[in-house]
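As numbered in my numbering, the sequence shown has no gaps in its residue numbers, which increase by one up to the final residue, 1473. All remarks here apply to the structure that follows.
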Amino acid sequence: MSATSPAVAPILDVADPAFSITAPEVHAARERSWYATTPYGIAVLRYDEMSRLIKHPKLRQGSVAWPAHNGVTEGPFARWWASWILNKEGAEHHRLRRLMNPAFSPKLIGGLVPRFQALASELIDGFSAPDQCEFVSEFAEPYAARVIAIMLGIPEEEWPIIARESVTIGLAMGVTLREDLPQIEDALARLYAYCDALIADRRKNPGDDFVTALVNASREEDGRLSDTELRDAMVLLIFGGFDTTRNQLGLAMQTFSRHLDQWALLAERPELGRAAVEEVMRVNPTVRWVTREVLEDFEFEGLELTAGTTVHLYSESAGTDPRVFTGGFDITAERKPHFGFGGGAHHCLGHFVARSDMSEALPLLARRMPDIRILAGDSWLPDSGNTGPVRLPIGFTPAS
């Protein structure tokens, strides 16, 4: 099923592994039309249309169809993907969200901020060279994984387990999902076993941590989370929390390396850490598109959308739309909200965690790593779906 319109829209070959969602052709398409057609459906390219469609009542969360788009319709991965709160709708979505919300409370996360700061300083102190680092392996990956370990109340030295399995599951976000499925399902099985053991331990030995809050989550009208719901939610937290923070920190370094005046400003004014996270996620989000599916036929801005059509909302294209955003990259500017954490009923449940850990890390990095520059040898995930660096060598002037 497809979208039809009397106008001839630009065409983007998103299914090509070499496609780049931030390429000039996408921005050129944005100037021709508010949408483009793709092998999956349509791509929404402008801010105003994205802000309306992301919460449109005739669209549902569309990520649920991603495995099927890639020929994966059964098996452990397909079942886990379908279990995500992100992929639930209506009463079931609201029930899960009400039960999980307390575990993500600002009070619980806010108490961990001093540990985030200490962790960031420890990792920078441990760089193997005084004037350069391989940012992914020396900072972004251990920082993201150890933040999750801190939240879960597990020993931080177990962070390689979180990192290794999450990196493998992250392959599911790319267009090579079908080829990567065997190793993805192996990683999923190992994380399932890890989470089952953790849940069993917290039932016997409750603590003041995220896992205990989830295990104890209960509401009279909603009951409790089942063992399967607990396990699925925890695996999603481990994967989603790690993947988002690791990738977004790398993308932040890429962005600031192109705007060294803003990097120096962040070093001088660490209170701008939260604003820096928001500005980076506006122009260079790890979540390159947000997916919706048309529930019933309707017309939008002259375009007939038929039930079943996949609608990809391009967050980078919308976040850099010149109709809305002017003045370039500026961490002091007042901006409209970005879509890096989605929007509407499916706004990311863990957004406060990601915002908190990154807003503590970035000012410390800016202060300790002046004059950053990307060195030769960087490599990146495909620039579609969820993206970020695989390897990111960075040079800097040692702080005096």
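Each residue gets a CB set at the ideal place from its N, CA and C atoms; glycine is no exception.
Pull up the distance between the alpha-carbon of residue i and that of residue j, whole angstroms please.
{"i": "R1365", "j": "V1356", "result": "21 Å"}
{"i": "A1508", "j": "F1189", "result": "With the chain covering 1074 to 1473 only, the question about residue 1508 has no answer from this structure."}
{"i": "R1396", "j": "Y1108", "result": "15 Å"}
{"i": "A1102", "j": "V1363", "result": "18 Å"}
{"i": "F1150", "j": "G1375", "result": "38 Å"}
{"i": "I1467", "j": "R1168", "result": "44 Å"}
{"i": "S1299", "j": "G1392", "result": "38 Å"}
{"i": "Q1321", "j": "M1431", "result": "8 Å"}
{"i": "F1092", "j": "L1465", "result": "21 Å"}
{"i": "M1123", "j": "I1115", "result": "12 Å"}
{"i": "V1220", "j": "E1098", "result": "37 Å"}
{"i": "A1202", "j": "S1473", "result": "15 Å"}
{"i": "L1126", "j": "L1118", "result": "11 Å"}
{"i": "V1240", "j": "W1453", "result": "13 Å"}
{"i": "V1081", "j": "T1328", "result": "34 Å"}
Please list the terminal residues of the continuous alpha helix (DSSP H) segment that includes residue i.
{"i": "R1365", "result": "No alpha helix (DSSP H) contains R1365, which is instead part of the beta strand (DSSP E) from W1362 to V1367."}
{"i": "G1226", "result": "Per DSSP, G1226 belongs to no alpha helix (DSSP H) and is neither H nor E."}
{"i": "L1254", "result": "L1250 to K1277"}
{"i": "R1355", "result": "G1346 to V1356"}
{"i": "E1104", "result": "P1097 to R1105"}
{"i": "L1244", "result": "Counting along the chain, L1244 falls outside any alpha helix (DSSP H), and DSSP gives it neither H nor E."}
Assign residue i to buried or exposed, taking buried as 16 or more other Cβ atoms, counted over all protein chains shown, within 10 Å of its Cβ.
{"i": "T1146", "result": "exposed"}
{"i": "E1258", "result": "buried"}
{"i": "R1428", "result": "buried"}
{"i": "E1407", "result": "exposed"}
{"i": "E1207", "result": "buried"}
{"i": "T1110", "result": "buried"}
{"i": "D1282", "result": "buried"}
{"i": "G1346", "result": "buried"}
{"i": "L1333", "result": "exposed"}
{"i": "D1204", "result": "exposed"}
{"i": "E1214", "result": "buried"}
{"i": "D1198", "result": "exposed"}
{"i": "A1191", "result": "exposed"}
Take residue i and list the residues in its own chain whose beta-carbon comes closer than 8 Å to its own, dropping the five residues that flank it on each side.
{"i": "V1284", "result": "L1225, G1226, L1271, I1272, R1275 and M1307"}
{"i": "E1231", "result": "A1222"}
{"i": "T1359", "result": "D1316, T1317, N1320, Q1321, L1324, G1413, N1459, T1460 and G1461"}
{"i": "D1403", "result": "Q1335 and E1352"}
{"i": "V1209", "result": "R1319, G1323, P1462, V1463, R1464 and L1465"}
Please work out which residues of its chain come closer than 7 Å, Cβ to Cβ, to residue i, disregarding the five sequence neighbours upstream and downstream, and give them in chain order.
{"i": "V1288", "result": "I1272, R1275, R1276 and L1303"}
{"i": "T1095", "result": "E1389 and D1456"}
{"i": "I1242", "result": "I1257, A1260, L1261 and F1312"}
{"i": "I1234", "result": "Y1267"}
{"i": "M1246", "result": "G1458 and N1459"}
Would you give the residue range spanned by the beta strand (DSSP E) that residue i belongs to?
{"i": "I1084", "result": "Here I1084 belongs to no beta strand (DSSP E), and DSSP marks it neither H nor E."}
{"i": "T1110", "result": "Y1108 to T1110"}
{"i": "F1371", "result": "F1371 to F1373"}
{"i": "I1404", "result": "First-last for I1404: undefined, no H or E at that position."}
{"i": "A1116", "result": "G1114 to V1117"}
{"i": "L1386", "result": "T1383 to Y1387"}
{"i": "I1467", "result": "P1466 to G1468"}
{"i": "E1133", "result": "Note that residue 1133 is Arg in the sequence shown, not Glu. Here the beta strand (DSSP E) through R1133 covers L1132 to Q1134."}
Could you check which residue in the options has the C-alpha nearest to that of residue i?
{"i": "M1173", "options": "Q1327, G1461, A1290 and I1234", "result": "A1290"}
{"i": "E1487", "options": "P1130, P1097, A1091 and L1118", "result": "This structure gives no information on residue 1487, because the portion of the chain shown stretches from 1074 to 1473."}
{"i": "T1249", "options": "D1394, D1451, V1087 and R1441", "result": "V1087"}
{"i": "G1148", "options": "V1463, L1261 and D1370", "result": "L1261"}
{"i": "K1409", "options": "A1348, P1462 and W1453", "result": "A1348"}
{"i": "Y1216", "options": "Q1205, E1229 and G1184", "result": "E1229"}
{"i": "E1195", "options": "I1182, G1184, F1212 and L1185", "result": "F1212"}
{"i": "E1352", "options": "V1367, L1085 and Q1335", "result": "Q1335"}
{"i": "L1085", "options": "I1445, H1385, A1449 and P1443", "result": "H1385"}
{"i": "Y1387", "options": "P1112, Y1120 and R1105", "result": "Y1120"}
Below 6 Å CB to CB, which residues in the same chain sit around residue i once its five sequence neighbours on both sides are set aside?
{"i": "M1074", "result": "Because the pLDDT at M1074 is just 39, under 50, the model does not fix this residue reliably, and the value given afterwards should be weighed accordingly. Result list for M1074: T1379, G1381 and T1382, in chain order."}
{"i": "A1340", "result": "A1439 and R1440"}
For chain B, is any of its Cβ atoms less than 8 Å away from the one on residue i?
{"i": "A1245", "result": "Structure shown: chain B not included; a single protein chain is present."}
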